[in-house]
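Undergrad:
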Amino acid sequence: MSNSLINISFKNAKKENRPALLTYTVAGDNTKKKSLEILKSISEYADICELGFPHNTPIADGGQIQTSAYRAIKNGIQINDVFSIVKSFKKTKKNKPIILMGYYNMIYQFNENKFIKKCKESKVDGLIVVDLPYPENKIFASKCKKKKINFIQLISPTTSKKRRNQIIKDSHDMIYYISMLSTTGGKLKVSPKKILQEYTKIKKQNKLKNIVIGFGITEKTIKSLKKADGLVVGSAICKEITNSIKKRQNTVTNVTNVVKRLKNKIK
Amino acid sequence: MKLKKKIALIDQHNKFGFWGGKFGGSFIPETLKKPVEDLTKKFQKLRKDKKFLKKRDFYFKNYVGSPTSFIKLEKLTDHLNGAQIWAKVVSEANGGAHKIYNATVHALICKSMGKKYIVGDTGAGYAGKMLSMAAKKFGLKCKIFMGAKDIKRQKPNCDAMRKNGAEIIPVYSGSQTLVDAVSECMRYWVSNCDNTHMCVGSTVGPNIFVKICGWSTAQISRELKIQIKDEFKKIPKKIKLINCVGGGSSAYGFWSNFIDYDKKQVELIGVEAGGPENSKLHAAPLSRNAKIGILHGAASYVCQNKDGQIEETESISAGLDYPGVSPIHCFLKDTRRARYTYATDEEALNAYKMVTHFENLNPSLEPSHAFAEAIKIAPKLNKETIIIVNSCGDAKKDRDIIKQKLGKY
Ligand SMILES: Cc1ncc(COP(=O)(O)O)c(C=O)c1O
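Protein chains in written order, with the working numbering: chain P, 1 to 267; chain X, 1 to 409.
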């Protein structure tokens, strides 16, 4: 999948001598319309946009992303709306990769094959399924590959060496390295040096794979991890949405400003 | 889909951890793969280790207190004038419920893994209370995750947890009940799995937790089988084992040594929480035909909407108020070895009233659901039929609810 939009985005960032910036927002947060506006606006600065399809029992998410997810569900978002958000987004931003991220039950209820088909129709570029680890994800991942959808594997500090190598071998264009033992939104409790050491181990295994680092990345910490192929920021963005709503300010403007600042820090 | 004989049900899963090819599994974030694998290996070793088994038996006998008694409910039997009604009074176990078996085993495992911290979830507060007891006994630091709604309605158990030195972490998300407590406990484990052991309070969660819990509560049926043989000289021709089902740990423990019998001889009846009569909400995924879904790391029948969002539940009994159920009960349902039904809040309360009126027994609201079914079917059955109800919890914790609903406790 060397000419995938995901691969191209990493190449473009590399040309500018910087890591790719990946954002995470929740579809339907706080409404369907607003989340599309936010997505369009931040994609001016983000290289790849991750879009969460919210689940009400997210076992690996911290407070910020939970708040966004519950808010979106409360405001009526359904899985079909998530696809229509992507579809509308791609109408004007056809070269910006979109990665859907969520929990397996939603895919299971939709039906795996139908879900992949729907992803294809809406031009989804990649998928992250938090609770479908290797090797349980093998069949689903290969179904995705057949349809040229990137199935993105995760590696964590607890992943053993043997397992890490198997996962890298089975991965597509991109691998997600979880910086520390934490749910999303935790404070970065490991030194950037240590994180980059682990990152390098993965990178050395296969230089062709794009390795991104996520979890605990904020405006404060992003610069210290600049060496990575890509960096994911989620909770810090979700938190801004929450704060803007509280202060009755414009979420689109405020969130875009956060993403702009994040981008400036890694230029 | 078929049950195998002579193999414990907890071991009848495939290499990915699925019972019947589709229930269970381990749908977990990558970070938990390693700790789950470590725990799986450790448990595999320990359950074959004679020294460990001796330790377990020692604590079951001298700490939990075994065997719990097996008694005939003479007056209730006379009143209903049908099948004989017996009870296995598991609420006699240390702490007042079957949750002590799983808690004790988890504390022993935690010790032998060299971890000093243990965390667990609780709904009725029994799983939490027992874990706090076991933690205290074995010198472990303990945190218990509990929904804010449950903290209010099960105060006596919360007081006990605090007295034992455990920290209760209130969970305010979602419905503020057991489902949210389990989620939050898992999140905590994701962040602290390097030095902390997690106990799941029932036969739910990723495969290994179903196994450890079932292995622990199986003590109930080991005792019961001996007691039945002592009482009747052999296993009678018609027995019905009735148990409430929340996650299903008590029911599995009660049934495990009887699963190989023909269901015409030993019928297994699980009773879920039907919720209030006038409410659409319930906690009965098996008996009210919920679809299969993934909750807390395992596939099972789950109360959920069409998108896969987990549905809110409602029950007077905090211990049964859970949208999912053990994958092994899904397997028992689909193979038709067990039959599942539900009792409403009102039926459970009436059963409580009747049992406490006739007998010197004080079953909590969870087993009162099981008694409701016994009371319903007993009059239609002959005197040779033996109904045994697992009275798996003591009602002290339900004092406030019972006082409010029935005017007295
Ligand atoms: C007394 C009692 N019975 C039953 C249950 C339900 O759990 P399970 O179905 O795992 O036995 C609980 C749970 O808290 C309980 O406290």
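All C-beta atoms in this analysis are idealised placements derived from N, C-alpha and C, irrespective of residue type, glycine included.
Is P:G185 near ligand 1, with its Cβ less than 7 angstroms from a heavy atom?
TA: Taking the first sequence and counting its residues from 1, the one referred to as residue 185 of chain P is at position 185. The answer is no for P:G185.
Undergrad: Return the first residue and the last residue of the alpha helix (DSSP H) that X:P170 is part of.
TA: Here residue 170 of chain X is taken as the residue at index 170 of the second sequence, counted from 1. Unbroken run through X:P170 is the beta strand (DSSP E), 167-171; no alpha helix (DSSP H).
Undergrad: Thinking C-alpha only, which one of X:I208, X:H357, X:I220, X:L53 is nearest X:A15?
TA: For the purposes of this step, residue 15 of chain X is identified with residue 15 of the second sequence, where counting begins at 1. In the sequence as displayed, the identity of residue 15 of chain X is Lys instead of Ala. If we check each option's Cα against that of X:K15, X:I208 comes out closest.
Undergrad: Does any C-beta atom of chain X lie closer than 8 angstroms to the C-beta of P:V86?
TA: The residue you call residue 86 of chain P lines up with position 86 of the first sequence. Taking Cβ atoms only, chain X never reaches closer than 8 angstroms to P:V86, which makes this a no.
Undergrad: Using only Cβ atoms and a threshold of 7 angstroms, which residues come within that distance of a heavy atom of ligand 1? Order them by chain position.
TA: With the cut-off at 7 angstroms, the residues found are X:A97, X:H98, X:K99, X:T122, X:G123, X:A124, X:Y126, X:A127, X:G201, X:S202, X:T203, X:C244, X:V245, X:G246, X:G247, X:G248, X:S249, X:S250, X:A251, X:A318, X:G319, X:L320, X:S364, X:E366, X:P367, X:C392, X:G393.
Undergrad: Should X:I235 be counted as a contact of ligand 2 given a C-beta to heavy atom distance under 7 angstroms?
TA: Absence of ligand 2 is noted for the structure shown, with ligand 1 being the only ligands found.
Undergrad: Can you tell me whether DSSP reads P:V26 as helix, strand or coil?
TA: Counting from 1 along the first sequence, the entry for residue 26 of chain P is found at position 26. Reduced to three states, the DSSP call for P:V26 is strand.
Undergrad: Considering only C-alpha positions, which residue in the set P:A72, P:K263, P:I139, P:I155 is nearest to P:L181?
TA: If you number the first sequence from 1, residue 181 of chain P lands on position 181. Selected option, being the one with the closest Cα: P:I155.
Undergrad: Counting C-beta neighbours from all protein chains within 10 Å, is the total for P:P135 16 or more, i.e. buried, or is it exposed?
TA: Along the first sequence, one-based indexing puts residue 135 of chain P at 135. P:P135 should be labelled exposed.
Undergrad: Going by other Cβ atoms of all chains shown within 10 Å of its Cβ, with 16 needed for buried, is X:E267 buried or exposed?
TA: Position 267 of the second sequence holds residue 267 of chain X. Burial call: buried.
Undergrad: Which residues bound the alpha helix (DSSP H) around P:M106?
TA: Translated into positions along the first sequence, residue 106 of chain P becomes position 106. That run of the alpha helix (DSSP H) goes 104-110.
Undergrad: Consult DSSP for X:I151 and reduce its assignment to one of helix, strand or coil.
TA: The residue labelled residue 151 of chain X in the question sits at position 151 within the second sequence. Three-state result, X:I151: helix.
Undergrad: Taking X:T31 as the query, report the chain P residues whose CB atoms sit under 7 angstroms from its CB, ordered along the chain.
TA: Here residue 31 of chain X is taken as the residue at index 31 of the second sequence, counted from 1. Here the neighbours are S156, T158, I178, L181.
Undergrad: In this structure, how does DSSP classify X:V64 when only helix, strand and coil are distinguished?
TA: Residue 64 of chain X sits at position 64 when you count from the first residue of the second sequence. Helix, per DSSP.
Undergrad: Does DSSP put X:G50 in a helix, a strand or coil?
TA: Counted from its first residue, the second sequence places residue 50 of chain X at position 50. Gly is not the amino acid found at residue 50 of chain X; the sequence shown has Lys there. X:K50 falls in the helix class under three-state DSSP.
Undergrad: Taking Cβ-Cβ distances below 7 angstroms as the criterion, which residues of the segment 380-401 of chain X are in contact with chain P?
TA: For the segment 380-401 of chain X, which is checked against every Cβ of chain P, not one residue is closer than 7 angstroms.
Undergrad: For X:M130, which three-state DSSP category applies?
TA: Position 130 of the second sequence, counted from the start, is the residue given in the question as residue 130 of chain X. Reduced to three states, the DSSP call for X:M130 is helix.
Undergrad: Checking contacts by CB at 8 angstroms: is X:F209 closer than that to chain P?
TA: The residue labelled residue 209 of chain X in the question sits at position 209 within the second sequence. Chain P contact via Cβ: absent.
Undergrad: Spell out whether any CB of chain P is found under 8 angstroms from the CB atom of X:V190.
TA: Your numbering for residue 190 of chain X matches position 190 in the second sequence. Closer than 8 angstroms to some Cβ of chain P, the Cβ of X:V190 qualifies, so yes.
Undergrad: Mapping the DSSP letters down to three states, classify X:D400 as helix, strand or coil.
TA: As a first step, residue 400 of chain X is located in the second sequence; it is residue number 400 there, counting from the start. Looking at X:D400 - three-state DSSP - the assignment turns out to be helix.
Undergrad: Going by alpha carbons, who is nearest to P:K114 out of P:M101, P:K96, P:C49, P:K147?
TA: Position 114 of the first sequence, counting from 1, holds the residue named residue 114 of chain P. For P:K114, the nearest C-alpha among the options comes from P:K147.
Undergrad: Between the C-alpha atoms of P:R248 and X:V389, what's the straight-line distance to the nearest angstrom?
TA: The residue labelled residue 248 of chain P in the question sits at position 248 within the first sequence. The residue labelled residue 389 of chain X in the question sits at position 389 within the second sequence. If I take the Cα positions, the gap works out to 57 angstroms.
Undergrad: Going along the chain, which unbroken runs of the alpha helix (DSSP H) with 4 or more residues stay wholly within the segment 285-371 of chain X?
TA: With a minimum length of 4 residues, the continuous alpha helix (DSSP H) runs that stay inside the segment 285-371 of chain X are 327-334, 345-358.
Undergrad: For X:F27, does the three-state DSSP call read helix, strand or coil?
TA: Here residue 27 of chain X refers to the residue found at position 27 when the second sequence is read from its first residue. The answer is coil: DSSP assigns X:F27 none of H, G, I, E or B.
Undergrad: Going by the CB atoms, is the gap between X:C303 and X:I310 shorter than 8 angstroms?
TA: Against the second sequence, residue 310 of chain X aligns to sequence position 310. Against the second sequence, residue 303 of chain X aligns to sequence position 303. Yes, the Cβ-Cβ distance between X:I310 and X:C303 is below 8 angstroms.
Undergrad: Need the endpoints of the beta strand (DSSP E) that X:T122 sits in, please.
TA: If you number the second sequence from 1, residue 122 of chain X lands on position 122. Taken as a continuous stretch (DSSP letters only), the beta strand (DSSP E) holding X:T122 covers 117-122.
Undergrad: Measuring only the C-alpha atoms, how far is X:K408 from X:S326?
TA: One-based indexing of the second sequence puts residue 408 of chain X at position 408. One-based indexing of the second sequence puts residue 326 of chain X at position 326. Approximately 34 angstroms, taken between the alpha carbons.
Undergrad: Determine whether the beta carbon atoms of P:G271 and P:I266 lie at a separation below 8 angstroms.
TA: This structure cannot settle anything about residue 271 of chain P, because the visible part of chain P is limited to 1 through 267.
Undergrad: How would you list, in chain order, the residues of chain P whose beta-carbon sits under 9 angstroms from the beta-carbon of X:G297?
TA: Counting from 1 along the second sequence, the entry for residue 297 of chain X is found at position 297. Neighbours of X:G297 on chain P, chain order: I59, D131.
Undergrad: Secondary structure at P:Q153, three-state DSSP: helix, strand or coil?
TA: Counted from its first residue, the first sequence places residue 153 of chain P at position 153. Reduced to three states, the DSSP call for P:Q153 is strand.
Undergrad: Suppose the cutoff is 7 angstroms on Cβ atoms and the five residues either side in sequence are ignored; what does the same chain contact list for X:W19 look like?
TA: Along the second sequence, one-based indexing puts residue 19 of chain X at 19. Only Q12, H13, P327, I328, F331 meet the Cβ criterion.
Undergrad: Under 8 angstroms, Cβ to Cβ, is there at least one residue of chain P near X:V171?
TA: As a working mapping, residue 171 of chain X is identified with position 171 in the second sequence. Judged by the 8 angstroms Cβ criterion, X:V171 is not in contact with chain P.
Undergrad: Could you say if the segment 209-227 of chain P and the segment 255-263 of chain P meet the contact criterion of at least three C-beta pairs nearer than 8 angstroms?
TA: At 8 angstroms Cβ cutoff, the stretches touch.
Undergrad: Under 8 angstroms Cβ to Cβ from P:L127, same chain only, skipping five residues before and after it: list those, please.
TA: Position 127 of the first sequence, counting from 1, holds the residue named residue 127 of chain P. Same-chain partners within the cutoff: I99, L100, M101, C119, C144, I149, N150, F151, I152.
Undergrad: Report the option in X:K143, X:Q84, X:T177, X:K111 whose CA atom is closest to the CA atom of X:A124.
TA: On the second sequence, position 124 is the one that residue 124 of chain X refers to. Nearest option by C-alpha distance: X:T177.
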